[in-house]
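Everything on this sheet refers to the single structure shown next.
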Amino acid sequence: MRRTLLGIYGKLYKKFGPQYWWPGDTPFEVIVGAILTQNTAWYNVEKAITNLQQKKLLSPKALSRSTDSKIAALIRPSGYYNIKTKRLRNFLTFLNSKFKGNLSKLLNERTDLLREDLLRIKGIGPETADSILLYAANKPVFVIDTYTKRILSRHGIAPKDAKYEKLQNLFMSNLTSDVKLYNEYHALIVKVGKEFCKPKPKCALCPLKNIKRKKG
DNA sequence: GACCAGGCACATC
DNA sequence: GATGTGCATGGT
Numbered sequence: 051m052r053r054t055l056l057g058i059y060g061k062l063y064k065k066f067g068p069q070y071w072w073p074g075d076t077p078f079e080v081i082v083g084a085i086l087t088q089n090t091a092w093y094n095v096e097k098a099i100t101n102l103q104q105k106k107l108l109s110p111k112a113l114s115r116s117t118d119s120k121i122a123a124l125i126r127p128s129g130y131y132n133i134k135t136k137r138l139r140n141f142l143t144f145l146n147s148k149f150k151g152n153l154s155k156l157l158n159e160r161t162d163l164l165r166e167d168l169l170r171i172k173g174i175g176p177e178t179a180d181s182i183l184l185y186a187a188n189k190p191v192f193v194i195d196t197y198t199k200r201i202l203s204r205h206g207i208a209p210k211d212a213k214y215e216k217l218q219n220l221f222m223s224n225l226t227s228d229v230k231l232y233n234e235y236h237a238l239i240v241k242v243g244k245e246f247c248k249p250k251p252k253c254a255l256c257p258l259k260n261i262k263r264k265k266g
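Going by this note's numbering, the first residue of the first sequence is number 51, and it counts up by one from there.
The following block contains the structure:
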């Protein structure tokens, strides 16, 4: 399995090169982006982030002081704007109550404790939590998303109904615990997913077209 | 116009 | 534990 997973990574990296993720300037921007991109195309998230930036709301303090209706209006392009406003608020409320708004303190928590904290926030599930862990806190945690599940099942590496934690464990138990590797690997999966592994696959030119499960 | 996008919570069985 | 549904904009 280790060989298979490294093989996939090698093919993707050779084809696409480094992705320079996360596409956000600060840890807080990464967190906001992680929440806004839930089931949403990134180009729509970018519009929302730009709106927040222009209003100088991309800091925990500034966003905490803003109102729900104002935030909702600004993040509107990213879709689900009412529920995402609540989710941002839930995160800020947690940050302010447990860490007095000090984001570094939160992100410097021990990895397992930080993950538990994030998962307790309503609106932050496993993928969002792990994206924050990896891309905002630089913790060696592998992120699983729709594309990861789809690619693994289509190549016979995992069943299509495999659980999140199961797939995450597949990567983390077979690859060395390395922030840089996990960062690049997930970004490359999203890249190949967007281009080739949509619900209607375009396998002809996909760099993974010859990848099959191998024993060992 | 249909389909899709870097999920999640909640209801129901 | 599995399955279904609401949430919503904007690009292809």
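Even for Gly, the Cβ is constructed at its ideal location relative to N, Cα and C.
Going by beta carbon distance, what residues of the same chain come within less than 7 Å of residue i, once the five residues before and after it are set aside?
i: residue 208; result: 202, 217 and 220
i: residue 55; result: 221, 224 and 225
i: residue 105; result: 124
i: residue 129; result: 90 and 94
i: residue 171; result: 140, 141 and 144
Alpha carbon to alpha carbon, how far is residue i from residue j?
i: residue 168; j: residue 121; result: 21 Å
i: residue 295; j: residue 116; result: Outside the modelled stretch of the chain, which goes from 51 to 266, sits residue 295, for which no answer is possible.
i: residue 247; j: residue 196; result: 10 Å
i: residue 251; j: residue 78; result: 34 Å
i: residue 140; j: residue 85; result: 11 Å
i: residue 66; j: residue 257; result: 9 Å
i: residue 107; j: residue 114; result: 9 Å
i: residue 158; j: residue 255; result: 42 Å
i: residue 166; j: residue 90; result: 24 Å
i: residue 239; j: residue 73; result: 15 Å
i: residue 234; j: residue 64; result: 12 Å
i: residue 151; j: residue 112; result: 11 Å
i: residue 244; j: residue 92; result: 11 Å
i: residue 76; j: residue 103; result: 12 Å
i: residue 52; j: residue 133; result: 39 Å
i: residue 71; j: residue 160; result: 23 Å
i: residue 62; j: residue 231; result: 12 Å
i: residue 164; j: residue 206; result: 33 Å
i: residue 101; j: residue 147; result: 27 Å
Keeping to the same chain, check which residues put their C-beta closer than 8 Å to that of residue i; ignore five residues upstream and five downstream.
i: residue 229; result: 184, 188, 189 and 190
i: residue 178; result: 84, 85, 88 and 168
Whose CA, out of the options, lies closest to the CA of residue i?
i: residue 211; options: 238, 199 and 258; result: 199
i: residue 131; options: 95, 74, 249 and 163; result: 95
i: residue 215; options: 245, 151, 104 and 192; result: 192
i: residue 204; options: 100, 147 and 249; result: 249
State yes or no: is the C-beta of residue i within less than 8 Å of the C-beta of residue j?
i: residue 145; j: residue 176; result: no
i: residue 153; j: residue 82; result: no
i: residue 149; j: residue 142; result: no
i: residue 135; j: residue 118; result: yes
i: residue 186; j: residue 80; result: yes
i: residue 182; j: residue 58; result: no
i: residue 241; j: residue 88; result: no
Given residue i, which residues of its chain have a CB within under 6 Å of its CB, disregarding the five upstream and five downstream residues?
i: residue 253; result: 259
i: residue 194; result: 214, 217 and 218
i: residue 97; result: 127
i: residue 266; result: Because residue 266 sits at a pLDDT of 43, beneath the cut-off of 50, its placement in the model cannot be relied upon, and the point is left open.
i: residue 180; result: 191 and 193
i: residue 173; result: 137 and 140
i: residue 227; result: 190
Please specify which runs of the alpha helix (DSSP H), each continuous and at least 4 residues long, are wholly inside the region 112-136, giving them in chain order. List check, alpha helix (DSSP H) in window: 118-124.
TODO: Report the residue ranges of all beta strand (DSSP E) runs contained in full by the region 174-262; include only those spanning at least 3 residues, in chain order.
DONE: The region 174-262 contains no whole beta strand (DSSP E) run of 3 or more residues.
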